[in-house]
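Those letters in the sequence shown? Residues 42 to 362, per our numbering, in order.
Glycine residues also receive a C-beta, built at the ideal position from the N, C-alpha and C atoms.
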Amino acid sequence: MSCERCVLVLTHQFDPTADYVVEELNRRGVPVFRCNPGDFPQALNLTATLGEGWTGSLRLGDREVRLEDIGCGYYRRPTVFEFPPGMSEPERKWAASEARMGVGGIVSALRQWLNHPAAISRAEYKPVQLSVASALGLRVPRTLITNNPSYAAEFAASLPRVVYKPLSSTPLAEEDSVAMIYTTPVDARLIDSSVAHTAHLFQEWVPKEYEVRVTVVDDRLFAARIDAKSATALVDWRSDYENVTYMLWEVPTTVKLSVMSLLDRLQLRFGTLDFVVTPANEWVFLEINPNGQWAWIEEEVGLPIAAAIADALEREQELDD
42 MSCERCVLVL THQFDPTADY VVEELNRRGV PVFRCNPGDF PQALNLTATL
92 GEGWTGSLRL GDREVRLEDI GCGYYRRPTV FEFPPGMSEP ERKWAASEAR
142 MGVGGIVSAL RQWLNHPAAI SRAEYKPVQL SVASALGLRV PRTLITNNPS
192 YAAEFAASLP RVVYKPLSST PLAEEDSVAM IYTTPVDARL IDSSVAHTAH
242 LFQEWVPKEY EVRVTVVDDR LFAARIDAKS ATALVDWRSD YENVTYMLWE
292 VPTTVKLSVM SLLDRLQLRF GTLDFVVTPA NEWVFLEINP NGQWAWIEEE
342 VGLPIAAAIA DALEREQELD D
């Protein structure tokens, strides 16, 4: 089976957030080719030939899409490549590098993306997004990134309250469990030599009246206020969903303009941003996730984010015809 003028959705099999978009596109009659690059090379097959541009196809089972028929790509959460059993570890590392350059290179060469994989990779660097946000006039908390325990302790002692935040969204995988690392208050007296083992991000604590999750799709902005009802949720609402409430919210015009400039500077068409609003009604930028989750907030307050993403993907189809 082949589809024409498809939206390419790259994600793993169990991605409820992507499901929202695929269902909306299906409802509109827009063809979708969904696959997980991690299924290459055992289930996903790639063929590409260079002429005036790349032609060829991606095939998964009895489904196939021609590269030249892809209108726009939606990059969600693909997994790592899986290789046949019996390969040695050096062989797997080499094969993974070749697959990344081959499959990743071909899909990156597609003209239209929401967002382009390379833009996602750059924007995920917190030092990049924080510096760009600050340069655009958004207030950001004072921040230290270091593996020096002495600097970390000095920074923590210099401020009334400091928290630690992970630099990535990678969970901590133990033998029998997977744990997320949330924002954690820091006591300067307890900082020890373990800080030297990797990079750590320490940030001043900003007093919160409430938080706001802002989701941007092209020129459309959706916002929801988040109120914490427990001490745990106040530090990081993701760690205590049962004690969090949501409501639709308005974003001040000056913040909107800075947000749109931030996405433009980072070459993003989509992003989820987190803000703290202080008791003095000052908006403080915490971070932007160029591939953030949004389905839960759509469900909670009725924001039409899936429809906006489908609009963006469908619009690229029309522009590319």
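Ranked by how close their Cα comes to the Cα of G312, the residues I232, R163, L91, P207 have R163 in first place. Bounds of the alpha helix (DSSP H) holding A160 are 158 to 164. The beta carbon of V106 lies closer than 6 Å to those of C44, C47, F74, L99 in the same chain, with the five residues before and after it left out. Apart from sequence neighbours up to five positions away, the residues of its chain that approach F316 with a beta-carbon distance below 7 Å are E252, V253, V255, W324, V325, F326, L327, ordered along the chain.
Distances from the CA of A89 to each of V144, L242, L213, P207 were compared; the closest alpha carbon is that of V144. When only Cα atoms are considered, A197 and A336 end up about 36 Å apart. By the 16-neighbour rule on beta-carbons within 10 angstroms, A220 is exposed.
When secondary structure is reduced to three states using DSSP, W278 falls in the helix class. Inclusion of L344 and A265 in the CB contact set at 8 Å is warranted, their separation being smaller than that value. Between F243 and the set T52, R310, T187, Y116, the nearest pair of CA atoms involves T187. Per the C-alpha coordinates, the member of A137, L87, P158 positioned closest to M128 is A137. Taking each of P190, L208, L213 in turn and checking the Cα distance to S235, the smallest one comes out for P190. Shortest Cα-Cα distance from I111 to any of D352, L85, R152 involves R152. With contacts defined as CB atoms closer than 8 Å, N156 and Y116 qualify as a contacting pair. If you look at I147, you'll find it in the alpha helix (DSSP H) that goes 130 to 149. Residue environment analysis places H238 among the exposed positions, since fewer than 16 neighbouring C-beta atoms fall within 10 angstroms of its C-beta.
Secondary structure in the region 198 to 270: no alpha helix (DSSP H) run of 4 residues or longer lies completely within the stretch.
Residue pairing for Y116: DSSP places it in a beta bridge opposite L51. For F311, the three-state secondary structure derived from DSSP is strand.
E355 places its beta carbon 8 Å or farther from that of V173.
Residue pairing by DSSP places T184 opposite Q244 in a beta bridge.
Sequence-distant partners of D277 (beyond 5 residues in either direction) whose C-beta falls short of 6 Å from its own C-beta, in its chain, are Y223, T224.
A351 carries a helical assignment under DSSP once its states are collapsed to helix, strand and coil. Under DSSP, the beta-bridge partners assigned to I329 are L314.
Cα atoms of T273 and P201: separation of roughly 19 Å, rounded to the nearest angstrom.
Of the candidates R69, G79, V342, E283, E283 places its Cα closest to the Cα of S271.
Collapsing the DSSP output to three states places T294 in a helix.
Under the three-state reduction of DSSP output, P82 falls in the strand class. With 16 or more neighbouring CB atoms inside 10 Å of its own CB, L66 falls in the buried class.
Assigned with DSSP and collapsed to three states, T319 falls in coil, not helix or strand. Of the candidates G333, A353, S218, G333 places its Cα closest to the Cα of P57. By DSSP's assignment, V73 forms a beta bridge with V48.
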